[in-house]
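Counting from 1, one number per residue, gives the positions in the sequence shown under our numbering. C-beta atoms are modelled at their ideal positions from N, C-alpha and C, and glycine is treated no differently.
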Amino acid sequence: KNILFIFLILMFFSTLHSFAQGFKGGISAGVAGTQVDGDRLGGFNMTGFVGGIFVRNEMNDEWAFSMAIRYFGKGSRKVSDPENGDLTYYRLRLHYAEVPLTFIYTFGRFYPEFGISCSYLINALEDSDAFGSIDPDPPFNKYDFPAIIGISYQFNDHFRLNTQYSYSIIPIRKHPGNQSWYFDRGQYNNTVNLTLNYTL
């Protein structure tokens with residue numbers, strides 16, 4: 001099950017070693033607003049940490065390629081509101097290790113980007129009654145493949161502020177009861193993140 005993710009990690013370090021002269025490396029950290037489409041809860045109400053290391057290859061004056069290894073906390077949240085008669089409570093935490101691959105275009109100090117990520121689910125905790133987390137049912141798929149679009153702003157040679165939007169290409173799990181419709185095959189990660197990237 002883990003062969004694909006292990007392969008991507010090995011490829012990351014092999015690329016870093018083999019092309020060290022042409023690549024720039026760095027670290028990134030930030031926060032994300034996340035939700036799970038298909039859980040009937042709207043809004044980016046769950047916050048998560050995003051952070052890791054990256055390498056970037058300036059292929060020419062306009063295009064660059066970036067590869068990273070990072071942790072990404074995702075999930076969904078609904079807080080009860082007893083004063084208005086809403087006793088519904090729900091909290092889902094999804095802990096992922098990700099290898100995002102992106103192509104970056106240079107436009108002055110702005111850097112639009114697009115790509116895809118291979119995400120491996122480290123752990124999932126679901127709490128539907130505020131009495132503690134249990135193993136999710138139905139279980140979540142171990143792999144997620146989000147499509148990514150984003151843009152960065154470069155302050156100087158070392159710092160960039162980056163924002164990304166990502167959405168799962170395939171469902172992260174089936175609906176409870178295994179319902180499935182043509183345009184709704186299950187639940188999907190939907191995230192917006194903001195990170196500060198430091199290039200060494």
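The beta strand (DSSP E) runs lying completely inside the stretch 113–192 and spanning 3 residues or more are 146–154 and 159–168, given in chain order. Ranked by Cα distance from Asp129, the first of Gly115, Thr163 and Tyr90 is Tyr90. When the alpha-carbon of Val36 is set against those of Asn197, Leu196 and Val192, the nearest one is in Val192. Here the alpha carbons of Thr106 and Glu98 stand approximately 24 Å from one another. Between Thr199 and the set Gly33, Gly75 and Asn57, the nearest pair of CA atoms involves Asn57. Considering only Met67, Lys174 and Ser76, the residue with the shortest C-alpha distance to Gly43 is Ser76.
With distances taken between CA atoms, Ser80 lies nearest to Leu41 out of Asn156, Ala32 and Leu41. Looking at Gly30, Asn141 and Glu113, the one whose alpha-carbon comes closest to that of Phe72 is Gly30. Per DSSP, the beta bridge partners of Asp37 are Tyr188.
For the pair Ser168 and Arg160, the CB atoms are not nearer than the 9 Å cut-off. Shortest Cα-Cα distance from Lys142 to any of Gly51, Asn123 and Pro82 involves Asn123.
For Asn60, the secondary structure class from DSSP, reduced to helix, strand or coil, is coil. Leaving aside the five residues that flank Ile170 on each side, the residues in its chain whose CB is nearer than 7 Å to its CB run, in chain order, Phe145. Gly115 places its beta carbon less than 9 Å from that of Leu101. Counted as a single uninterrupted DSSP element, the beta strand (DSSP E) harbouring Glu98 occupies residues Tyr90 to Tyr105. Assignment of Asn45 by DSSP, reduced to helix, strand and coil, places it in the coil class. When beta bridges are read from the DSSP output, Arg109 appears opposite no residue. Rounded to the nearest angstrom, the Cβ distance from Ser133 to Leu121 is 15 Å, too far for a contact under 8 Å. Judged by their CB atoms, Lys74 and Asn162 are not nearer to each other than the 9 Å cut-off.
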